[in-house]
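Residue numbers (our numbering): 9 to 688.
Just so you know, even glycine gets a beta-carbon here, dropped at the ideal spot from N, CA and C.
Notes to accompany the following structure.
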């Protein structure tokens, strides 16, 4: 025996003993032994720390990192000796029956161990461990594969005609035909081999498509980054305990062995995954000095900071001071994005005749998040099923799932057909969608239904001018109500906010016209000083910081929200349908209040946040159902232009009056709610 191999076997035993791997191995053997059943293959997973192994023996460490298949054979021989010496599995006959899967805890943080899914050429010829990361863009259903099989020689006099001498075990990147087929021959007498079917060992297999995270930049409607890059999806094989460990749309770091799978005349580059880790990038732990200074200047009022933020936001696209209500709603929606199951969502539906300006504003805002997806009209919003390269069912992520924890901008809502709108309404209500997979079509025995979580905020708009031409408008409108009958009423209610922008196209404000003309002539020019003081990157860092804040409702804010909700349910009702206030309105109110607190960089939701939330929702309800007894102004959050500190002071006085009016409204229509009134 090669003395170097013998030395590495000794080191393996020492490592397993020190790391606790030997104890786990004995425990796994006990489960096999207790079953009293003979298997063709006994599979063991061994977790290895490459750093610890390299410290014990550099040669073995090199084997593990750069020649894992040979390293697994060394571990296999050590495990076989341990089983026989300690009599751990009585049924085990030969060393070939042991299958070892090495799982490194990590890889050295060096470029040579990173496999980029966007770099060229893709090095799939080295069967060693690599680390890679990307977004899951498609997932197949879990199917079976052969872990191992027992073959017997058909020549009765051959020693290989009995026992467990001819064992075939799955290797990384190998196809099913490499493990089991009918043309294998005996290595001793060259007679045909025949599989002993009762000893075939099956495992779970799942095929996943993963792409570099840069794909998200390509799916944004507008990008500040003008660099070009190559995007290619690659196939991952998840086997046994890793099946269903990935979720479609999530970002993962994986460790695996690349391989090339031959499928007819086509070769497919793939990665045999050994470990999966959910990747969650850390947001910035700070905001820019300019925002800190602005926060200190506006600290005298709980309303001023967010007012100035909205006033100067997106000055690269629209002039400061225009579309303030819409910009505030956009900022609130941006900070209410996360990947939690029970997140507070905030969807926006905008009624406008200035589709070009609004589209530019929404496209610009998307890029402030890592996951801002502009949905292309030619594809599906929600997951769909198609055949993969192997003929099996594969669920495609589509726009809404790729926008997980971000924004999915779906464009003009009036351009979608009835079935798409019904599906969108269902998703807005449940935040899930169900994918039906017909078994007969994809070679499965039974039909399947897969439920996919949709964790994103939706943005959309309705072109008022074009929609008015498509249908006959109603005549019996209430005061303040808009005609939104082109869109199903329940769908309009499911959007958190309905917003009507300030400037219809027939009377665009002079600053907007000047801005559009100047940008057309000088597209890269900074037209306003505020664009240099508060850059796009500053806003990007600010939003990523603000959205990670954990906020709690104060008792005063909670009472105000509940009081307004109950009072509105009593006021907004008719004799036929009952209350016109949807059940989701309370969630929307809480989401708006929390978002305003986050945008103010506070961790507690105050009454002032609740006032803004109520005014925004009441304005939205007025557009949907007409004015109520609360009777807010058409533009209640920004009743006049913000040009100087005096105008901010006037806005504070106005909002305090709205607060007092709101308290009287609650007292009158929801007397059971206790509200702390300030007699000042």
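Residues in the same chain with beta-carbon distance under 7 Å from residue i, minus the five sequence neighbours each way, listed in chain order, please.
{"i": "residue 64", "result": "19, 22 and 23"}
{"i": "residue 499", "result": "429, 432 and 433"}
{"i": "residue 69", "result": "58, 61 and 62"}
Within 6 Å: the Cβ of residue i and any heavy atom of the ligand SAH?
{"i": "residue 48", "result": "Inclusion of the ligand SAH in the displayed structure is not the case, the ligand content being empty and no account of it being possible."}
Residue i to residue j, Cα distance in whole Å?
{"i": "residue 17", "j": "residue 35", "result": "21 Å"}
{"i": "residue 596", "j": "residue 445", "result": "34 Å"}
{"i": "residue 674", "j": "residue 575", "result": "6 Å"}
{"i": "residue 173", "j": "residue 193", "result": "13 Å"}
{"i": "residue 502", "j": "residue 629", "result": "12 Å"}
{"i": "residue 67", "j": "residue 284", "result": "27 Å"}
{"i": "residue 276", "j": "residue 241", "result": "11 Å"}
{"i": "residue 348", "j": "residue 412", "result": "10 Å"}
{"i": "residue 15", "j": "residue 82", "result": "10 Å"}
{"i": "residue 265", "j": "residue 323", "result": "48 Å"}
{"i": "residue 248", "j": "residue 268", "result": "20 Å"}
{"i": "residue 122", "j": "residue 287", "result": "15 Å"}
{"i": "residue 416", "j": "residue 632", "result": "23 Å"}
{"i": "residue 688", "j": "residue 471", "result": "Only weak support exists for where residue 688 lies, its pLDDT of 37 falling under 50; the coordinates are left without a value."}
{"i": "residue 515", "j": "residue 568", "result": "For residue 515, the predicted structure reports a pLDDT of 48, less than 50, and the residue's modelled location is therefore unreliable. A value from the coordinates is still provided. Using only the alpha carbons, I get a separation of about 38 Å."}
Smallest Cα separation from residue i: which of the options?
{"i": "residue 571", "options": "124, 524 and 676", "result": "676"}
{"i": "residue 420", "options": "383, 436, 453 and 400", "result": "383"}
{"i": "residue 634", "options": "492, 558 and 566", "result": "492"}
{"i": "residue 222", "options": "141, 180, 298 and 297", "result": "141"}
{"i": "residue 29", "options": "678, 108 and 49", "result": "108"}
{"i": "residue 320", "options": "328, 313 and 244", "result": "328"}
{"i": "residue 378", "options": "464, 350, 113 and 91", "result": "464"}
{"i": "residue 138", "options": "124, 144, 151 and 70", "result": "124"}
{"i": "residue 326", "options": "306, 299, 528 and 278", "result": "528"}
{"i": "residue 775", "options": "366, 85, 292 and 568", "result": "The chain is shown from 9 up to 688; residue 775 falls before or after that span and cannot be answered."}
{"i": "residue 258", "options": "217, 295 and 294", "result": "217"}
{"i": "residue 540", "options": "101, 169, 175 and 299", "result": "299"}
{"i": "residue 521", "options": "582, 604, 364 and 665", "result": "364"}
{"i": "residue 650", "options": "318, 115 and 558", "result": "318"}
{"i": "residue 145", "options": "135, 75 and 220", "result": "220"}
Kindly give me the distance between the Cβ atoms of residue i and residue j, rounded to whole angstroms, as I take these residues to be in contact under 8 Å.
{"i": "residue 256", "j": "residue 409", "result": "6 Å"}
{"i": "residue 54", "j": "residue 72", "result": "Contact doesn't hold; Cβ gap of about 10 Å is too wide."}
{"i": "residue 598", "j": "residue 624", "result": "Going by Cβ atoms, the distance from residue 598 to residue 624 rounds to 13 Å, so no, they are not a contact pair."}
{"i": "residue 641", "j": "residue 617", "result": "So it is not a contact: roughly 20 Å between Cβ atoms."}
{"i": "residue 663", "j": "residue 311", "result": "6 Å"}
Got a sec, what are the start and stop residues for the alpha helix (DSSP H) residue i sits in?
{"i": "residue 655", "result": "653-677"}
{"i": "residue 595", "result": "593-607"}
{"i": "residue 69", "result": "66-74"}
{"i": "residue 29", "result": "29-43"}
{"i": "residue 433", "result": "426-438"}
{"i": "residue 113", "result": "It is not in any alpha helix (DSSP H) - residue 113 carries neither H nor E in the DSSP assignment."}
{"i": "residue 545", "result": "544-555"}
Within a Cβ cutoff of 6 Å, which residues of the same chain sit near residue i, ignoring the five residues on either side of it in sequence?
{"i": "residue 461", "result": "440"}
{"i": "residue 507", "result": "334, 337 and 358"}
{"i": "residue 12", "result": "none"}
{"i": "residue 88", "result": "103 and 106"}
{"i": "residue 589", "result": "576, 577 and 580"}
Kindly indicate the opening and closing residues of the beta strand (DSSP E) around residue i.
{"i": "residue 538", "result": "Counting along the chain, residue 538 falls outside any beta strand (DSSP E), though it belongs to the alpha helix (DSSP H) covering 537-541."}
{"i": "residue 465", "result": "465-471"}
{"i": "residue 245", "result": "242-247"}
{"i": "residue 689", "result": "Here the chain comprises residues numbered 9 to 688, so residue 689 is not present and cannot be evaluated."}
{"i": "residue 417", "result": "415-420"}
{"i": "residue 105", "result": "Where residue 105 is concerned, there is no enclosing beta strand (DSSP E), given that its DSSP letter is neither H nor E."}
{"i": "residue 8", "result": "Since the first residue of the chain shown is 9 and the last is 688, residue 8 is not available in this structure."}
{"i": "residue 138", "result": "138-148"}
{"i": "residue 360", "result": "356-360"}
Between which residues of its own chain and residue i is the CB-CB distance below 8 Å, once the five residues before and five after are set aside?
{"i": "residue 25", "result": "none"}
{"i": "residue 184", "result": "153 and 154"}
{"i": "residue 209", "result": "47, 48, 49, 51, 154, 155, 156 and 157"}
{"i": "residue 392", "result": "403, 404, 406 and 443"}
{"i": "residue 97", "result": "37, 40, 41, 50 and 91"}
{"i": "residue 150", "result": "212, 213, 214, 251 and 252"}
{"i": "residue 399", "result": "450 and 451"}
{"i": "residue 436", "result": "355, 466, 499, 502 and 503"}
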